[in-house]
Amino acid sequence: MFSRDFLAQMARDHELSREQEDVFLLRLADGKSYQEIASQLKTSPDACLKRMGQIYNKFKVSGSSRGKENRLRSFLINQLQRVTEKSPEATKPVLADEVPQAATDNSEAIGGQPLFGRTSSTRIYENLPNRDCTAFIGRQTEIARLLELLSFDHSAHLISVDGIGGVGKTTLVLEAAYRCLQASRGVLTEHNSDLLSRTNDDKPSPTKADLNVPIFEAIIFTSAKQHYLTAAGLLPRLKREHTLRDIFRAIANTLDRSEITYMPAEEQLDLIRDSLVRRRSLLIVDNLETIEDKQDVLGFVYDLPPTVKVILTTREQALFVPIRLESLPEADGLCLINHEAQEKGVTLSKEEAKALYQKTSGVPAAIVYTIGQLAAGYLLQDVLVKVTNAKGDVARFCFESSVQRLKGLPSHRLLMTLALFPKPVLRETIAQIALSVPDPIITADGLAQLQQLSLVRQWQGRYSLLPLTREYAMAELTIEPQIEQEVRSRWINWYLRFSEEYGAKDWKEWHLEYTHLELEWENVQAVLEWCAAKERYVNVLALWRQIKGYAHVRGYWDDRLDWTDWLIQAAEQRTDWSTAAEVMYDRGWTLTLMGQPKCLDEASILLQRAWGLKDYKDLSFRLELVTSMVVLCIRQQQFDQAHQWLSQKQTMLEQAGLEEGERHRQWIHSLYYEAEIYFKAGDYAQAKTLYQQALEQAIAAGWQRAINAIQNWLADVAIEQGNLEEAQHLLEQGLPVAERNKDKRSIAFHHRSFAILEQLRGHQSQAQRWAKEAAEGFESLRMIPQAREMRDLLRGQ
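When we follow my numbering, the leftmost residue of the sequence shown carries the number -5, and every step to the right adds one.
Next up, the structure:
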């Protein structure tokens, strides 16, 4: 038996009528008798024999009637073999009378693709527009999936490609369509550069990937897109198929059946279906969301026969077999930027290319537009402003049509509220801030609508916007001042409550609750920075007090310095001397830990100023301030002054008015820093004694962070004393604890100790690995002296 696909192609090549093709297929593909054929077609056996005689005439089969069917079969076998072997004569017109009688049957298909007997003269009906790119970059997973779905081995009939405007939906679909067109014409596709580099004579047989590209006899493209976003800006699309009648017209014209368009409307549907059912067809409906009679179009494509594959591109997430496009990953985005820049003669540094990627959020249309603007003579900084302008070409193309339909709906308010969050946020949080009366159902419905329009991304219960979308939504919020005022107020209050619950802890200890703060960190920062920009002093101060401990442990020291710089000025302007002293102490402490000479000089000035304001503060604060003086003197190698401050602290500890737990901690601090003085002076035995006393008291107090730091110092003492096994045991205990609590400074010091330990053991590779990690940790904290020490170890100095 022959495959139906092969026979159907032969029937079309020889212009069989519909009735003749039915008999042809049932006889030669299904092997039915004329009686069975007549029964199935509801006609007589004589009528079927008459149609078969007409088929012989069209195939030019001559001779006695008894041998005609065998000669026809021999002809078909020969044609099949010629295609299989890719003989040069395959393109030469052949009549059945010229076929050798000795031909043998071979109905094999290669690579899962039926062999249609296609020749270079076979016409493929198509109306594909020109591609707007010279290279298809990225999207390899998506193009492979789309080609898989287009295969007639896959049951998918309706395929949707969805994503925000400009994300590359049409580009992806056209790439797949052109690959199918080339495969249908028997041309090796251009994406296989290895095959293209060879001449026709030395090209290998097509690979499985080449043969698995689906083959169609008609590829029809329609689009309701209103504008193109080009390097020159937005251009109108003058030819649009925005109704079902328009789509019918495009199909009829592509299939050379333009007479259909003159028929009454009620007859056109059947005629179009009849035209499509006769051939394997690919129908593309681009920009489904802007079609006027969308439901009628969906009803039409839903009822199409299985010989037709349909791709719908849309900004709305459809319920068909979906391919969802997000912005390009950074590597692919940078590749596209470099390609476009090279094509248009634009020179960009790596830093500029990365800035361009970030501003465009990896949206291909925005990238192409931006490079085009640079080629037109605009400066990069000006173009990047244009890209994020809510009234600019990019924003209008990507978002305007989707967002305008949401005006006045809860989903629009949710979108504008989401603009406040630079990082993903929980649905419950959005509801609390966006709506005056939180409603989970309204929130769920609104967010679902935003997802359907590809405006919002959802991952593990958290919602976010692309940076480009966020800029547009923020502009929408700005033009609604009353809504913005309400939403901003709830936004600030929500994060004040949140940071109080999860951040306002004893900042000298670790806390499991910091995990909650970690998930919302960038969002909390956004609140604080906005409040600072709007001179909301009380709000900034409250947030700072509640998150400063977390920022210290997790190593956000640059942020701490920015906040304290703003707060010191704000407190002095308001003559809030108590707060000024508090913030000066905090800033001085951070600068002291950084340890650079300039930092230590500034820390000394700040701590002295804070000491001058000590009368505005309580005893607990004064003790912390004295401890900072001790540490500053140690960093400056002024050990005598450090001892003097420790003596003053012991005197202060004897005063009344200090809670017992606090007093206990202060004694631990005193022992800890006195031990460090002895360690720096080289008296390791005395340092060990004091560290052990401090460790006993820290264990009794349950002060985990202090225990971890003291054990690290005891490991350093053990290293200096040559007790390497003891040092390793202490470090192996302490490092996992520091890592579990994500204490960046403690982790870096443990890495430093491990590096020195392995160097003494002669394990250079391990020592280098630990030193590298330590140096990177110290550098992230701007602890330059410690980082330099580790870099010297790496260089073998």
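A virtual CB, placed ideally from N, CA and C, is assigned to each residue, including glycine.
Excluding residues up to 5 positions away in sequence, 20 and 26 lie with their Cβ nearer than 8 Å to the Cβ of residue 34 in the same chain. When the beta-carbon positions are compared, residue 245 and residue 214 come within less than 8 Å of each other. Burial check for residue 704: the Cβ neighbour count within 10 Å reaches 16 or more, so the residue is buried.
Residue environment for residue 51: exposed (fewer than 16 other C-beta atoms within 10 angstroms of its C-beta). By the neighbour-count criterion, in which 16 or more other beta carbons inside 10 Å mark a residue as buried, residue 29 falls on the exposed side. Beta-bridge annotation (DSSP): residue 316 is paired with 154. Apart from sequence neighbours up to five positions away, the residues of its chain that approach residue 296 with a beta-carbon distance below 8 Å are 152, ordered along the chain.
The beta carbon of residue 413 sits closer than 7 Å to the beta carbons of 459, 464, 467, 468 and 471 from its chain, once the five residues preceding and following it are set aside; these are given in chain order.
Taking the Cα of residue 207 as reference, the smallest distance to any Cα among 155, 230, 222 and 142 is reached at 142. Residue 385 counts as exposed, since fewer than 16 other beta carbons sit within 10 angstroms of its beta carbon. Contiguous alpha helix (DSSP H) elements confined to the region 298 to 355 occur at 324 to 337 and 344 to 354, taking only those with 4 or more residues.
For residue 230, the pairing in a beta bridge is given by DSSP as 221. When the alpha-carbon of residue 774 is set against those of 559, 732, 549 and 729, the nearest one is in 549. Two segments are said to touch when three or more pairs of C-beta atoms, one from each, lie closer than 8 Å; by this definition the region 665 to 676 touches the region 695 to 714. Inclusion of residue 504 and residue 735 in the CB contact set at 8 Å is warranted, their separation being smaller than that value. Shortest Cα-Cα distance from residue 163 to any of 66, 289, 359 and 399 involves 359. Taking the CA atoms as reference points, residue 341 sits about 43 Å from residue 541.
In the DSSP assignment, residue 279 falls within the unbroken beta strand (DSSP E) covering 275 to 280. In the pairwise beta carbon analysis, the region 168 to 183 is classified as not touching the region 312 to 326: fewer than three pairs are separated by under 8 Å. Sequence-distant partners of residue 635 (beyond 5 residues in either direction) whose C-beta falls short of 6 Å from its own C-beta, in its chain, are 627. A residue is called buried once 16 or more other Cβ atoms fall within 10 Å of its Cβ, and residue 431, having fewer, is exposed.
Per DSSP, residue 504 is not a residue of any alpha helix (DSSP H), being assigned neither H nor E. Secondary structure at residue 213: strand, using DSSP grouped into helix, strand and coil.
Boundaries around residue 458 are those of the beta strand (DSSP E), 456 to 458, since no alpha helix (DSSP H) includes it. Annotation: the continuous alpha helix (DSSP H) that includes residue 755 extends over 738 to 755. In this structure, the alpha-carbon of residue 326 lies about 7 Å from that of residue 131. When DSSP states are grouped into helix, strand and coil, residue 19 belongs to the helix group.
One thing to note: residue 547 has its Cβ within 8 Å of the Cβ of residue 737.
In this structure, DSSP gives residue 649 a state outside helix and strand, which the three-state scheme calls coil. Judged by DSSP secondary structure, residue 452 falls within the beta strand (DSSP E) whose first and last residues are 451 to 453.
As a beta-bridge residue in DSSP terms, residue 119 pairs with 212. Ranked by Cα distance from residue 416, the options 426, 450 and 433 are led by 450. The beta-carbon distance between residue 664 and residue 706, rounded to whole angstroms, is 18 Å. This is too long to meet the 8 Å contact definition. Collapsing the DSSP output to three states places residue 167 in a helix. Per DSSP, residue 440 is one residue of the alpha helix (DSSP H) stretching across 434 to 446. Secondary-structure assignment with DSSP links residue 420 through a beta bridge to 456.
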